[in-house]
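Trainee: Supplied in structure tokens, the structure appears directly below.
Numbering (full-length UniProt numbering), first residue to last: 1 to 393.
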């Protein structure tokens, strides 16, 4: 049950406090002691009705204390179950003996930060065959480092195959994607085998150095590697800007909001799926599995099932002119069960999950459990029917 805190606000720059709709300056000589005590009492009562950990020991009836305490709160509603740990912010020594998970805390903070989506590309030519190996990777950890000289940075996972190529070439192109480049962001969020070329279906050109330049980006920055540092589970690349190009059309950049700290590929995919902006050609069987895998990992099977069903139906309604077959209850529940059964680690990426469970991509998998007669029946389309050939695992 939420307990609304009485409306109040402390404006640090002006030292004004608003209580019960009246604004006063507690440092003003016109504020009587009785009125100041009322202010303190009101603030104390408001804080005490919540379960925040904010310490008010410095907020006394003496006006001078406010000069050393550029206090606290903006108007908000607190839950009786809230734990903001504000006492630790005011006195870090109080964290000793408390069970504070900084890793989870940091992830929670980053869930609030919108991120730009970029693709980093590089290429290397085989001296014997003359064939270019072109690669790209989607990431969201792009930021400016310096303006004089112009430098930038981005991070990739330490196990990424892109790391080896970037180390050898020592040059790369950073593409700031446009809002309509969801397809490209998903495309380069996948892992690619050595013999395949991820650029075969992506409109691009190569510059004189061989760097692949993806068409339609908001901006492209060509860089030489300045340095590489390994920090935690990521490699941090720093680049010197050599050349760049900015689109003069009114394109909005592609942003994503990390609501659950998924990988960049999973987050962009799910956001596009939920917003029904995912290109229909990307709505493959593997995409269905990725969607189910993400929801099941986050919510568990029972709650995830609601999101999966509603999501598929919403996406189908948006693409009525393109879909050949509509929603199928039995097929949906069948794969929800199999994906749930296959999930045994929360540390896996979706690509690792599929590599470990390739049977989920097998076109014949469904027919090992069901006859065509059952699957084509109206009953199976509208309610879940148990397999007639083989029991579910």
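From the three backbone atoms N, C-alpha and C, an ideal C-beta is built for every residue, glycine too.
Everything numeric in this text was worked out from a predicted model, so none of it was measured.
1) Quick one: what does DSSP say residue 46 is sitting in, helix, strand or coil?
2) If you draw a straight line from the C-alpha of residue 293 to the C-alpha of residue 360, how long is it?
3) Does residue 343 come out as helix, strand or coil in the three-state DSSP assignment?
4) Relative to the C-alpha of residue 232, which candidate in 197, 155 and 181 has its C-alpha closest?
5) From residue 148 to residue 161, what distance separates their C-alpha atoms?
6) Based on Cα-Cα distance, which residue from 358, 275 and 213 lies nearest to residue 200?
7) Please say whether residue 177 and residue 246 have beta carbons closer to each other than 7 Å?
8) Would you call the CB atoms of residue 182 and residue 272 closer than 7 Å?
9) How about residue 244 and residue 221: do their beta carbons lie closer than 7 Å?
10) Applying the 10 Å Cβ sphere with the 16-neighbour rule, what's the burial state of residue 375?
11) By how many angstroms is the C-alpha of residue 101 removed from the C-alpha of residue 404?
12) Quick check on the DSSP output: the alpha helix (DSSP H) that includes residue 291 runs from which residue to which?
13) Would you report the Cα separation of residue 59 and residue 103, rounded to the nearest angstrom?
14) Based on the DSSP output, what are the partners of residue 382 in its beta bridges?
15) I need the boundaries of the alpha helix (DSSP H) containing residue 394, first residue and last residue.
16) What is the DSSP secondary structure of residue 134, counted as helix, strand or coil?
17) Below 7 Å CB to CB, which residues in the same chain sit around residue 13 once its five sequence neighbours on both sides are set aside?
18) Mark residue 266 as exposed unless 16 or more other C-beta atoms lie within 10 angstroms of its C-beta, in which case mark it buried.
19) Could you check what DSSP says for residue 189 in three-state terms: helix, strand or coil?
20) Cβ of residue 191 within 7 Å of Cβ of residue 351?
21) Determine the burial state of residue 74: buried for a count of at least 16 other Cβ atoms within 10 Å of its Cβ, exposed for fewer.
22) Would you tell me roughly how many angstroms separate the C-alpha atoms of residue 66 and residue 296, rounded to the nearest one?
23) Under DSSP, the alpha helix (DSSP H) around residue 164 begins and ends at which residues?
24) Can you tell me where the alpha helix (DSSP H) with residue 372 in it begins and where it stops?
25) Could you check whether residue 341 and residue 393 sit closer than 7 Å to each other, using their CB atoms as the reference points?
26) Excluding the five sequence neighbours on either side, which residues of its own chain have a C-beta within less than 8 Å of the C-beta of residue 215, listed in chain order?
27) Looking only at its chain, what residues have a beta carbon closer than 7 Å to the beta carbon of residue 395, apart from the 5 residues adjacent to it on each side?
28) Counting only the same chain and skipping the five closest in sequence on each side, list residues whose C-beta sits under 6 Å from that of residue 328.
29) Of all the options 249, 151 and 240, which has the alpha carbon lying nearest to the alpha carbon of residue 179?
30) Buried or exposed: residue 324, going by 16 or more other Cβ atoms within 10 Å of its Cβ?
31) Identify which residue in 173, 330 and 105 has its Cα closest to the Cα of residue 378.
32) Assign residue 105 to one of two classes, buried (16 or more other C-beta atoms within 10 Å of its C-beta) or exposed (fewer than that).
33) I'd like to check one pair, residue 226 with residue 418: are the Cβ atoms closer than 7 Å?
34) Give me the DSSP bridge partner(s) of residue 147.
Mentor: The answer reads as follows:
1) Per-residue confidence for residue 46 stands at a pLDDT of 47, beneath the threshold of 50, marking its modelled position as unreliable; the derived number appears in the next sentence. In this structure, residue 46 counts as helix in the three-state DSSP scheme.
2) 11 Å
3) coil
4) 155
5) 31 Å
6) 213
7) no
8) yes
9) yes
10) buried
11) The structure shown does not extend to residue 404, since the chain spans only 1 to 393, so no value can be given for it.
12) 285-299
13) Residue placement at residue 59 is poorly supported in this model, since its pLDDT is 38, which falls under 50; the coordinates still yield a value, given next. Those two C-alpha atoms are separated by around 32 Å.
14) Answer by DSSP bridge pairing: none, since residue 382 is not bridged.
15) With the chain covering 1 to 393 only, the question about residue 394 has no answer from this structure.
16) strand
17) Low local confidence applies: a pLDDT of 34 at residue 13 is under 50, so the model's placement there is unreliable, with the coordinate-based value given in what follows. Nothing meets the Cβ criterion.
18) buried
19) coil
20) yes
21) With a pLDDT of only 39 at residue 74, under 50, the local geometry of the prediction cannot be trusted, and the value read off the model is given with reservation. It is exposed - the Cβ of residue 74 has fewer than 16 other Cβ atoms within 10 Å.
22) In this predicted model, residue 66 has a pLDDT of only 40, less than 50, meaning its place in the structure is not dependable; the value taken from the coordinates is given anyway. Roughly 49 Å separates the two Cα atoms.
23) 162-169
24) 372-375
25) yes
26) 203, 204 and 205
27) No statement about residue 395 is possible, as the shown extent of the chain runs from 1 to 393 and does not include it.
28) 381
29) 249
30) exposed
31) 330
32) exposed
33) No statement about residue 418 is possible, as the shown extent of the chain runs from 1 to 393 and does not include it.
34) 150
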